[in-house]
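Everything below concerns the one structure shown next.
Protein chains: 2
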Amino acid sequence: MKIPPVKGTRDFYPPQMAVHNFINDGWKRASIRNGFEEYDGPIFEYLKMYQIKSGDEIVDQLFNFKDRGDRHLAIRPEITPTLARMVNQQINALSKPIKWFSVPRLCRAERPQKGRLREFYQWNIDIIGIDDVLADAEIIFTTIDYLRQLGLKPADVKAKISSRKLLAALLCNIGIPEEKLDSLYPLLDKKAKLPADTFEELLKENVCDGAKVKTILDLMSVDSVEKISDIINLNQEAQAALDEIKHLFDLLAVMDIGEYCVFDMSIVRGLAYYTGVVFEVHDMVGDLRAIAGGGRYDNLLRDFGGPAISATGMGMGDCVLEILLRQRGLLKDGQLQTRKVEFFVAYVNDELLKNVLEITARLRQADISTSFSYKAQNLKKQLKQAAALNAEKCIILGDELEQGQIVIKDMSTGEQSCVDMGEFFKNL
Amino acid sequence: MKIPPVKGTRDFYPPQMAVHNFINDGWKRASIRNGFEEYDGPIFEYLKMYQIKSGDEIVDQLFNFKDRGDRHLAIRPEITPTLARMVNQQINALSKPIKWFSVPRLCRAERPQKGRLREFYQWNIDIIGIDDVLADAEIIFTTIDYLRQLGLKPADVKAKISSRKLLAALLCNIGIPEEKLDSLYPLLDKKAKLPADTFEELLKENVCDGAKVKTILDLMSVDSVEKISDIINLNQEAQAALDEIKHLFDLLAVMDIGEYCVFDMSIVRGLAYYTGVVFEVHDMVGDLRAIAGGGRYDNLLRDFGGPAISATGMGMGDCVLEILLRQRGLLKDGQLQTRKVEFFVAYVNDELLKNVLEITARLRQADISTSFSYKAQNLKKQLKQAAALNAEKCIILGDELEQGQIVIKDMSTGEQSCVDMGEFFKNL
């Protein structure tokens, strides 16, 4: 009986697994050098945990099910709710600031599209307990630090940065009632995805006042912090929010990633839960979805039944990233090895198999990757097999073995030498 | 709103994550040095895939659900069906032998017990395409190679090895009809878990013939290959199976893990799908569940709609293993670091924060793990924080910075030296 894989999932054959590990290991290394500790949570949680953060609409986008005790559970579509739950559970025992990262496997019951699958990995970094843009700067730095190390230049990718606090202050400043903001964010967030006239129409429906619509449209097109005060007279709150974002850009410049960062008022992020700096990393050449996104979310831990503690974080999925790296030639098929073979032990007849096994076992016990052929095919075939496995060196067992000698062949230079086996193991 | 984790799942806070990584990295290293390539599959598959291998009873033990297209899916309880599906899909493109490993996250809708959770990790290694006990020997070697490297001795753990082929031949040899074997295996597999008289009673019900029951009981207690021929006169098939298992033990001795291996007829493995060598690794001191189990399964790929290709493999879960390592003192709380800090950058006043960020960013860009305090608390406090983070070295920024000098303090020796910052970065 032949059964296919489920649509929107991936099979990681060794070559694909090597790509996955390349991305994953890079995420981990960047996290570690930036001072983050790794955590993880369960692959499923109570369904209601996701409703707290994202409302009831999320239920349809989750793989949800009941266990035998009739508990309503869901495969995690994101890890932030788990993070909030875990931090709240041990809030007093954990020393602050909490700087954690994770590379969770996540699932969403969506229709698969380019760069969006039903199962994917997402790098998450979060700093909890620091109510200062310095933490936001570190989150953005860590994100760029990773992308830069991959070989992506400021011409390839940019962190587009704005602030929910600033946007809220500006909207209030021009007379939008505060209680209207939460419904306005998802619309403003869609600006880049909608035709200009559709966006304007929806905005008119929502805001009603033509002058205000005009000011909002002007504000949303601003690409430099300095230009905001050309559009409206800033009140005190708006000025404070503006100063904060200016300070953020100063910090990013000091950290030498200024060229990767731009101010962009149109970055809003759909979710209600952001409270301060928000950002998305975008491909500057193609038309891919956002590579990464994040921001400050100071209320989430409280919403999950914990104390009011400020937090800021970032998420980066693996699907869009892989497409981008391939487009830029930074990831090529066959570039990554699927197997490590330091020694390949070849032998000239089946009677030497015992010696092959003995030597292989000793090398492996010394943590040296070693392979051999299950059959003593002719030596040429074995050496071909060794080459196909990218073996660094071959040990050839032949008649010399009677004198305790083995032949070692360097597979890159082709050089061969005969050495004493005892010496060989002594020098490992 | 406070929501608990789901029963039977684990939260991996950084200390637990460090343990998880310790186990996981060891599995990966052992796999790589033994010549295996990594693969992985989706976290969920079509439910019916699991029914093929394990029958309809499995459905209750799975977290299963329907997607929006009304497809019946399940979170994977094991990865072998995925392996069979993936190998069959690319059977012609994959060069043989296929030596693959994976460390999948798996879920089973069971009642949580000691060493058995509803979500766990399992190391899997498989060799496909080699119909020779040499492949079984490599699977057992790799398993022991890992456990030995952890510090476990032959007195701690043993691979108990038997053969389905031998068992089948012996049972047929004493007159059990071949069609009865599949129903007999699950019962024989329970021998160690049942009181002796209960086992005997069930066996009588199943076999009926008292003399045969007696012979089976004698056979099941055999702990050495040599003793089998004392119990029954071996026919040709049984003799061939016996020779094969003897040859396996010869190979294991050559590979220098003979002391870790014992012959044990009572190892049957419940599943119908095993066809040759079967083994379980058991703790010799405590009363834990099996640490690992595996064997040859030559029909599975065919059952999954592919060609008849022989295969052999092993699975080892993380839960029992962790309990064992803790019991033996091979894994201690606090033994593993959760964070790496090569440099901690301290500063004497907030005006130097810019310099802290600049130096931190440069070090991190050079892939050097670096941390700093978000506030310029007094130096003593910062050094205490650095010590708490296990920092290897501190860079202290003070008045010397005006002359381009920084102080470097070795945190293990306490030694301090003043160096030129330009020189410092040049020598990194």
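Heads up: the protein sequence lines correspond to chains A and B, in order.
Under our numbering, the first residue of the first sequence carries the number 1, and numbering increases by one thereafter.
Under our numbering, the first residue of the second sequence carries the number 1, and numbering increases by one thereafter.
From the three backbone atoms N, C-alpha and C, an ideal C-beta is built for every residue, glycine too.
Identity of the residue in A:ALA84, A:ASN92, A:CYS107, A:GLN113 nearest TRP100 of chain A by Cα: A:ALA84
Can the beta-carbon of ALA263 of chain B be found less than 8 Å from the beta-carbon of ILE144 of chain B? One detail in the question is off: residue 263 of chain B reads as Phe in this sequence, not Ala. In this structure, ILE144 of chain B does not lie closer than 8 Å to PHE263 of chain B by Cβ.
CB of MET265 of chain B within 8 Å of CB of VAL222 of chain B, strictly: yes
For a test of the three-state rule: what should DSSP assign to LEU73 of chain B, helix, strand or coil? strand
Using the Cα positions of ASP410 of chain B and LEU383 of chain B, report the straight-line distance between them to the nearest angstrom. 11 Å
Using the C-alpha atoms, what's the distance from GLY294 of chain B back to ILE376 of chain A? It is worth fixing the name first, because residue 376 of chain A is Ala in this sequence and not Ile. Whole-angstrom Cα-Cα distance: 27 Å.
Name the chain B residues whose beta carbon is nearer than 9 Å to that of ALA159 of chain A? What ALA159 of chain A touches in chain B: nothing, since even the nearest Cβ is about 15 Å away.
Which whole-angstrom value is the C-beta distance of SER183 of chain A and GLY276 of chain A, which I expect to be below 8 Å? So it is not a contact: roughly 20 Å between Cβ atoms.
Simplified DSSP state of ARG116 of chain B, which is helix, strand or coil: strand
Assumed close pair PHE44 of chain B, ARG68 of chain B - CB separation to whole angstroms, cut-off 8 Å: That belief does not hold up - the Cβ atoms of PHE44 of chain B and ARG68 of chain B are roughly 14 Å apart, past 8 Å.
In the DSSP assignment, the alpha helix (DSSP H) including ASN88 of chain A goes from what residue to what residue? 80-89
Does ALA109 of chain A have its Cβ less than 8 Å from a Cβ in chain B? The beta carbon of ALA109 of chain A falls within 8 Å of a beta carbon belonging to chain B, placing the residue at that interface.
Where does CYS107 of chain B sit, in a helix, a strand or coil, going by DSSP? strand
If you pair each beta-carbon of the segment 337-355 of chain A with each one of the segment 392-404 of chain A, do three or more pairs fall below 8 Å? yes
Does any C-beta atom of chain B lie closer than 8 Å to the C-beta of ILE396 of chain A? no
Return the chain-ordered list of same chain residues with a C-beta closer than 7 Å to the C-beta of LEU324 of chain B, the five sequence neighbours on each side being excluded. Result list for LEU324 of chain B: ASP283, LEU288, ILE291, in chain order.
Measure from the C-beta of TYR374 of chain B to each C-beta in chain A and report whether the shortest distance is under 8 Å. yes
Of all Cβ atoms in chain A, is any one closer than 8 Å to the Cβ of ASN24 of chain B? no
C-beta atoms of GLN385 of chain A and ALA18 of chain A nearer than 8 Å: no
With a 10 Å radius around its C-beta and 16 neighbouring C-beta atoms as the bar for buried, classify LYS191 of chain A as buried or exposed. LYS191 of chain A is buried by the Cβ-count criterion.
Using a Cβ-Cβ cut-off of less than 7 Å, list which residues of the segment 349-367 of chain B approach chain A; keep chain order. LYS354, LEU357, GLU358, ALA361, ARG364, GLN365, ASP367
Could you tell me whether the Cβ atoms of ILE128 of chain B and ILE98 of chain B are closer together than 8 Å? yes
Cβ neighbours of PHE36 of chain A in the same chain (closer than 7 Å, five flanking residues each side left out): LYS99, TRP100, PHE101, ILE125
Could you spell out the range, first to last residue, of the beta strand (DSSP E) harbouring VAL225 of chain B? Taken as a continuous stretch (DSSP letters only), VAL225 of chain B belongs to no beta strand (DSSP E), as it is neither H nor E.
Contact set for ALA74 of chain A: own chain, Cβ-Cβ below 7 Å, skip 5 residues either direction: PHE44, GLU45, LEU47, TYR50, LEU62, PHE63, ASN64
Can a CB atom of chain A be found closer than 8 Å to the CB of PRO112 of chain B? no
With respect to the alpha helix (DSSP H) encompassing ASP145 of chain B, which residues constitute its N-terminal and C-terminal limits? For ASP145 of chain B, the enclosing alpha helix (DSSP H) begins and ends at 133-149.
Below 8 Å on the Cβ atoms is my guess for ASP40 of chain A versus PHE12 of chain B; work out the distance and round it to an integer in Å. 4 Å
Buried or exposed: where does PRO4 of chain B fall if 16 or more other Cβ atoms within 10 Å of its Cβ makes it buried? Exposed, since its Cβ has fewer than 16 Cβ neighbours within 10 Å.
Which ranges does the beta strand (DSSP E) cover as unbroken runs of at least 3 residues, wholly within the segment 323-384 of chain A, from first to last along the chain? As for any beta strand (DSSP E) of minimum length 3 sitting wholly inside the segment 323-384 of chain A, the runs are 343-347, 370-372, ordered along the chain.
Contact belief for LEU171 of chain B with LEU187 of chain B at Cβ below 8 Å, rounded distance in angstroms: The pair is not a contact, with the Cβ atoms about 12 Å apart (cut-off 8 Å).
Closer than 8 Å, CB to CB, is LEU251 of chain B near chain A or not? yes
So the candidates are A:ILE368, A:LYS227, A:LEU301, A:ILE359; which of them puts its Cα closest to the Cα of GLN90 of chain A? A:LEU301
Which residue from A:ALA196, A:GLU415, A:ILE228, A:ILE32 puts its Cα closest to that of ASN173 of chain A? A:ILE228
Between VAL278 of chain B and GLU322 of chain B, what straight-line distance do the alpha-carbon atoms span, to the nearest angstrom? 23 Å
ASN64 of chain A - containing alpha helix (DSSP H), residue span: Taken as a continuous stretch (DSSP letters only), ASN64 of chain A belongs to no alpha helix (DSSP H), being part of the beta strand (DSSP E) at 64-66.
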